[in-house]
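The structure appears below as structure tokens.
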Amino acid sequence: MSFIKTLTNSEQGLFKPDSLTPMQKLALRFVVVGLIYYGVVVIEGMLMRLFEVNQGLALGVSPEQFFAIMTAHPLVGIFGSTYSIVFGAFLFLVPFLMKKPLWSIKLGNWNLWLITIGTFVFWFAGFVSHYSPLYTLYWPLPADFSQFSVLGGTFFIVGIALVMVGTAFFVINIYKTITYTPEGWGKQPKGALIKSALGLTGLTNLFSKKKKEHLVSLPVAAIARGTVDTAFNAVVILFAGVLILIYMVAELFGVSLKHSAIDALLYKNIFWWGLDLIADGLVLIFVAGTWYLLATLITGKKLFMENWARAALFVEMIVSWTVWSHHLMSDQAQPGILKILSGEMVTAFELITQGLAFFITLATLWSARPLKMNPPLKFLLGGLLGFALAVPAGIMQADLGLNRILHNTQWIVGPHVHVAILIGLTMTLYSAIYFLFPILTNGAKLYSNKLASFHFWAHLLGGIGMGAFMGMAGLRGMLRRSIYLNGEFNIYMILAAISGSFLLLAFLAFFYNIVMSVGLKGVLGIFMPAKLNTT
Amino acid sequence: MTDSNIVLTGQTIAYTFYVLAIMALMGWFSYKVTRNGSGKVVKPALFYSFVGFLVVIGVSLHIVTHETIPWKSMDLNRAEIKADKEFHITMQNHKYLLPVPKLTITKNEKVRFIVESKDLTYGFGLFRNGNSMVFQMQVIPGHVNDILWQFDRSAVYSIRSTEYSGPKGVNMIMRDAIEVVE
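Protein chains in written order, with numbering that gives the first Met the number 0: chain A, 0 to 534; chain B, 0 to 181.
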């Protein structure tokens, strides 16, 4: 087949969008949107890397634009990219694994478009107005109108609010799908399903001689538990958004509200409690659930120590509600007891829960030797390595002694945040995408395995390299969220930028591979209404 | 008092060693998992031992740092410790207002920095001439932000805000603002 034919019609013409069910189309739409936003994040990341080396290299980016990018970059990454891919995959997997239709395809599509449009709105508002309070939104910076445009900020917050409403739709759809009774089925036991999904059955099984049957599979239980954190997180972010909007609307009407009406420390505690439900909650729970699913699908074997895995997911959910204070270890007004209990002790539990998930996944894979080293397995192992590197780095910085000299340095955002997200989370998502690709596309063929291999190595080396060089700079005192005008840390920033360019190349190779696999007509076809009625 | 550079060197060695070990383990696993196995599954005893190992590591890290990093226990008990000297510093409009142009400290003195913000959330960090960090804390408006530190060597330090407070805050640096003398 010629290049043009493949580009237009997919590899060997195997991808037929008309053969897709509405459910498959919904999942693929989410994935396409997620990958496009991931591309935006990679380009923004590269711009920031170049800016850190030399402002002149960053295509005319000004310091104000730099911080606006820094504000949008993680939010587009989390909401526009990761949420899209994860929501698409889970809205497909929950019905797929429970062998029942999704509760509402319509709500799923609303979910998709709210996240897509909301992400674009806040990204565009930041791009145009340079609204840049960062994702942390430390009070009263988001309402500091001597630095930021009120109108730009208003659109920014409205965009975030749209994403949160979309997120609420996801939560409703997941729980309704788990518990509802489809037409023609016998009545489903809602309470028992919820107990099983939340992990209470698994927990009681650990201590009971009479083991109860699990009504939902382990991956569905992981999705259900992570979704609890997703819901709480949406509530807290909406609450912060509404609060900021009140100040903005008042300002638009010529009334300047007093910043001191809000206690900055209390606000910071509430905001981090909610925000940390992403970083230390749903990400870890969703990732562990995805590891378990992939390990069982790749091997065809039962999960090693399944009851422990279920219980660990439940514990992780409780941990995620009580762990936020590790973000406030350098806040001297924060009570010391919270710093020790929530900041140090509970955070250390994540070493245990994530360590268990790591061990259980490896043991399950080990039980099925010999395995073929295909893209899903490669990326799964990469994802496991990512968290094995990033979680201990996080535990170290969540120590009162070390936090004093690490907080807000490049160490935090390098070896911990970027390695966790780029290597741990993203490689796990890539593993799921490579595995689900033939299932979601009714047997479309991957254009090139060599490109998939290049994607793996360039992403792995680029991500670890970037994290490592940022970490080295951090250990030497380089702050995050700052600008160094005299090239103080240039050697590390140049090496980090070179590593970052590997990430960009990896993404381009992957994107090209996927476009050639489904063809441009196929991409358009994904967004056309489904011709099949079956879900 | 143990210098922060010494602590960071220890951390660098420990983490580098760990990174190399876990990469080697994953490399070995990736190779072995594609080879024929003996059909044996992993024994639960190994799993329980691993759980125990993680518990020991998780708990011992904080005990070890409590016993070896001097500023950790001093920080937790700072309300009960009498400082040899106190400096009250105000932050407003992206500027530091120091009580005197240069803060002079005598070696081995315990010094309390009390920093107040009149508007935004800032950071208060001390840095050596080579840009490495001595310590930092957050400065939250409407709250008391204090840190106790013992300086055990003569040196000159700069103050820099360690928290982002908008684009106007990137130049919040006071070069050579603190001097520790014999």
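For every residue, glycine included, the Cβ atom is placed at its ideal position computed from N, Cα and C.
- Only residues of its own chain outside the window of five on either side were considered, and among them Leu276, Gly280, Leu281, Ser319 have a CB closer than 6 angstroms to the CB of Asp228(A), listed in chain order.
- At least one beta carbon of chain B lies nearer than 8 angstroms to the beta carbon of Ser131(A).
- Following the DSSP letters along the chain, one finds Val32(B) in no alpha helix (DSSP H), marked with neither H nor E.
- Straight-line measurement puts the Cα of Ile21(B) at about 18 angstroms from the Cα of Leu45(B).
- Taking a contact to require three or more Cβ pairs closer than 8 angstroms, the region 85–92 of chain B and the region 104–118 of chain B qualify as touching.
- Per the DSSP secondary-structure output, Asn144(B) pairs in a beta bridge with Val114(B).
- At a Cβ-Cβ threshold of 8 angstroms, Val286(A) and Thr427(A) count as neighbours.
- Shown here, Arg77(B) sits in a helix according to DSSP, grouped into three states.
- Distance from the CA of Tyr14(B) to the CA of Leu264(A), rounded to the nearest whole angstrom, comes to 32 angstroms.
- Within chain B, the residues placing a beta-carbon under 7 angstroms from that of Glu487(A) are Asn130, ordered along the chain.
- Going by DSSP, Thr166(A) is part of the alpha helix (DSSP H) stretching over 149–178.
- When rounded, the separation of the alpha-carbon atoms in Ala176(B) and Phe134(B) is 15 angstroms.
- Taking a contact to require three or more Cβ pairs closer than 8 angstroms, the region 19–33 of chain A and the region 110–129 of chain A qualify as touching.
- Within chain B, no residue has its beta carbon less than 8 angstroms from that of Arg48(A); the closest one is some 18 angstroms off.
- Of the residues assessed, Phe206(A) falls on the exposed side of the cut-off, its CB having fewer than 16 other CB atoms within 10 angstroms.
- When secondary structure is reduced to three states using DSSP, Phe468(A) falls in the helix class.
- Out of Tyr95(B), Thr103(B), Ile104(B), the CA that lies nearest to the CA of Thr120(B) is found in Tyr95(B).
- Contact between Gly33(A) and Gly87(A) is confirmed by a C-beta separation of about 7 angstroms, below the 8 angstroms threshold.
- Per DSSP, reduced to three states, the secondary structure at Lys109(B) is strand.
- Between Thr408(A) and the set Leu435(A), Met372(A), Gln64(A), Gly466(A), the nearest pair of CA atoms involves Gly466(A).
- The region 298–306 of chain A and the region 355–368 of chain A touch, with no fewer than 3 CB-CB distances between them shorter than 8 angstroms.
- Pro140(B) reaches chain A at Ala263, counting residues in chain order whose Cβ is nearer than 7 angstroms.
- The bridge partners DSSP lists for Ala154(B) are Val179(B).
- Between Thr440(A) and Phe14(A), the beta carbon gap of about 5 angstroms places them in contact (Cβ cut-off 8 angstroms).
- Exposure of Arg34(B) is indicated by the presence of fewer than 16 other C-beta atoms within 10 angstroms of its C-beta.
- The region 341–352 of chain A and the region 377–386 of chain A do not touch, with fewer than three beta-carbon pairs separated by less than 8 angstroms.
- For the pair Leu478(A) and Val40(B), the Cα-to-Cα distance works out to about 47 angstroms.
- Three or more Cβ pairs drawn from the region 452–464 of chain A and the region 410–429 of chain A lie within less than 8 angstroms of each other, which places the two stretches in contact.
- Under the three-state reduction of DSSP, Arg480(A) is assigned to coil, being neither helix nor strand.
- In the three-state reduction of the DSSP assignment, Phe134(B) falls in the strand class.
- Shown here, Met22(B) sits in a helix according to DSSP, grouped into three states.
- Taken in chain order, the complete alpha helix (DSSP H) segments of 4 residues or longer contained in the region 265–318 of chain A are 282–298.
- Around the C-beta of Thr105(B), fewer than 16 other C-beta atoms lie within 10 Å, and the residue is accordingly described as exposed.
- Listed in chain order, the positions of the region 36–62 of chain B with a beta carbon within less than 9 angstroms of a beta carbon of chain A are Gly36, Ser37, Gly38, Lys39, Val40, Val41, Pro43, Leu45, Phe46, Phe49, Val50, Phe52, Leu53, Val54, Ile56, Gly57, Val58, Leu60, His61.
- In this structure, Met90(B) places its C-beta atom within 8 angstroms of the C-beta atom of Ser116(B).
- Of all residues in the region 19–33 of chain B, those with a C-beta nearer than 8 angstroms to a C-beta of chain A are Ile21, Met22, Met25, Phe28, Ser29, Lys31, Val32, Thr33, reading in chain order.
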